[in-house]
Every structure is written in C-alpha cells, then in structure tokens.
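Undergrad: I'd like to ask you about the structure that follows.
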Amino acid sequence: DGGITQSPKYLFRKEGQNVTLSCEQNLNHDAMYWYRQDPGQGLRLIYYSQIVNDFQKGDIAEGYSVSREKKESFPLTVTSAQKNPTAFYLCASRRGQGILNTEAFFGQGTRLTVV
Amino acid sequence: DAKTTQPNSMESNEEEPVHLPCNHSTISGTDYIHWYRQLPSQGPEYVIHGLTSNVNNRMASLAIAEDRKSSTLILHRATLRDAAVYYCILRANSKLTFGKGITLSVRP
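If you're matching them up, the sequences are chains V and W in order.
Counting in the working numbering, the first sequence runs from 6 upward without gaps.
Counting in the working numbering, the second sequence runs from 102 upward without gaps.
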C-alpha cells in the first residue's frame with residue numbers, strides 16, 4: 006500500500022545526544038515537510054523540501070537539520086542545540102511541486118522524549 | 102502569508118450538523134482554502150479544499166463566502182468519531198502552515 010511511514014513511533018534519548026527521525030514515502034510525492042507539535046498546540050513547520058537536494062527552513066528550524074538525497078526520504082535530525090526537543094514530530098508529503106490544490110498526507114508521528 | 106482565525110473550541114450533539122467557521126480576511130486571489138483534521142495521537146488527515154465555489158465530498162462540505170474572507174466547514178451529521186481538531190489553512194505557495202485549529206467535541 007502507498008503511504009508515508011515514520012519510525013520509530015516512540016523514541017527516548019538522553020540530553021545532549023543527536024537523534025535522527027525517519028520519514029519515508031512511496032507516493033512519488035515531490036514535496037515533504039516536518040512539523041513539531043507540543044501538547045495542546047497546533048503544528049509548527051520545521052523544514053520543508055519541494056524537490057530532491059533542496060530544502061527550506063520553516064518557522065522553527067533552529068536546532069534541527071534535514072537532508073533530501075532521495076525523493077522517498079526526508080530524515081530529520083534533532084541536534085543537541087535544540088533546547089526543548091521533547092515533542093510529537095510529524096512528517097508529511099504532497100504531490101506536485103508548486104501546485105497549490107493537492108492534499109498533504111501525514112505519517113503517524115514520532116513521539117520523542119529527551120531525558 | 103495570509104492567516105486564518107478560528108474559535109478555540111466548539112461542541113456539538115451527535116447526529117446533528119456542525120458548522121465550523123474560519124476567518125481569513127487577508128486572503129489573496131490565489132490562496133486555496135484547505136481543511137484538515139487531527140484525531141488524538143494521530144497525524145492530520147485531509148478533509149476538503151476549495152478556491153471560490155462551494156465544495157462537497159464524502160466527508161464534508163465547504164462553504165466559501167462570496168468575498169472569500171471567510172469559510173465554513175460543514176459536517177452534515179456529527180458522529181463521535183468526528184471529535185478532533187480541525188485546521189483551516191491557506192495555500193499560496195509550497196509552505197503548508199497550520200494554526201492551532203478548532204477543537205470539536207461531540208456529545209452522545
């Protein structure tokens with residue numbers, strides 16, 4: 006089945022460690038997105054990519070890094086510079102670079118806890 | 102980027118229609134209006150979108166004001182499974198920016 010997969014569902018890390026969250030899609034979508042959600046809050050955009058080997062910062066990119074070496078994959082690294090990394094992280098993809106009326110598909114999210 | 106304004110929360114009774122409002126007074130002519138909903142502990146899912154005309158699909162209807170400065174998502178018969186956070190967003194470029202949404206509670 007086509008879809009977007011995030012792994013793992015739950016992740017625990019010690020403070021000061023970098024951690025990479027996986028996002029894979031087999032929908033042949035051009036655009037991919039990473040969001041962060043804190044309890045009772047909406048989604049905040051971290052990074053997005055419209056095409057392979059290109060990505061742009063979202064509203065809260067500090068302390069995060071991404072890569073887009075393959076169309077199917079858009080991993081997010083939460084670095085030790087991120088002051089409050091504990092959150093629910095969501096990845097999304099969307100068909101069509103520059104097309105505005107296509108829907109986005111979301112993964113089931115990764116809940117990261119840093120202790 | 103044009104922004105949207107939604108009430109924080111709304112309550113509905115099961116099997117009754119629900120009208121979820123969204124204001125977007127700074128909308129531009131090329132902005133599409135999209136609605137997504139998020140069930141607890143899940144990623145958001147697409148509901149519906151439109152540009153100028155009202156739209157219907159199997160999940161909901163979208164009524165867009167003539168001046169496009171507001172829109173309303175209509176759930177024709179609310180069920181308990183419709184309890185979620187509903188996001189109204191505008192798409193003018195490749196960014197996909199969400200606000201806090203409106204939390205819909207459905208009473209049995």
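C-beta: ideal position from N, C-alpha, C; glycine also.
Note that this is a predicted model, so its numbers are computed, not measured.
How about W:R159 and W:E146: are their beta carbons less than 8 Å apart?
TA: no
Undergrad: If you measure beta-carbon to beta-carbon, which residues of the segment 170-201 of chain W are closer than 9 Å to chain V?
TA: V186, Y188, R192, A193, N194, S195, K196, L197, T198, F199, G200, K201
Undergrad: Hey, out of W:E116, W:S162, W:E115, W:N124, whose CA is closest to W:N109's CA?
TA: W:N124
Undergrad: Quick check: what's the CA-CA separation for W:Q107 versus W:C189?
TA: 8 Å
Undergrad: For V:S12, which residues of its own chain have a beta-carbon under 6 Å away from its beta-carbon, when the five flanking residues on both sides are left out?
TA: S27
Undergrad: Taking Cβ-Cβ distances shorter than 8 Å, what residues in chain V pair up with W:H150?
TA: N106, E108
Undergrad: Quick check on W:D168: does DSSP put it in helix, strand or coil?
TA: coil
Undergrad: Since W:L178 and W:E116 are thought to touch, with beta carbons under 8 Å apart, how far apart are those beta carbons, to the nearest angstrom?
TA: Per the sequence presented here, residue 178 of chain W reads as Arg, with Leu not at that position. So it is a contact: roughly 5 Å between Cβ atoms.
Undergrad: In the structure shown, what three-state DSSP assignment does V:D59 receive?
TA: In this structure, V:D59 counts as strand in the three-state DSSP scheme.
Undergrad: Which runs of the beta strand (DSSP E) at least 3 residues long sit entirely within the segment 69-120 of chain V? Give them in chain order.
TA: 69-71, 81-83, 92-99, 109-111, 115-119
Undergrad: Closest Cβ-Cβ distance between V:Y53 and chain W: below 8 Å?
TA: Nearest CB-CB separation between V:Y53 and chain W: below the 8 Å threshold.
Undergrad: Alpha carbon to alpha carbon, how far is V:L16 from W:P198? Give it in angstroms, no decimals.
TA: It should be noted that the sequence gives Thr, not Pro, for residue 198 of chain W. When rounded, the distance between both Cα atoms is 25 Å.
Undergrad: Out of V:K75, V:R116, V:E77, which one is the CA nearest neighbour of V:T91?
TA: V:R116
Undergrad: Taking 8 Å as the threshold (beta carbon to beta carbon), is W:G144 in contact with chain V?
TA: yes
Undergrad: To the nearest whole angstrom, what separates the beta carbons of W:A161 and W:L176, a pair I think is in contact under 8 Å?
TA: 5 Å
Undergrad: Grab me the residues of V:Q42's own chain with a C-beta within less than 7 Å of its C-beta, minus the 5 sequence neighbours each way, in chain order.
TA: L48, A92, F93, L95
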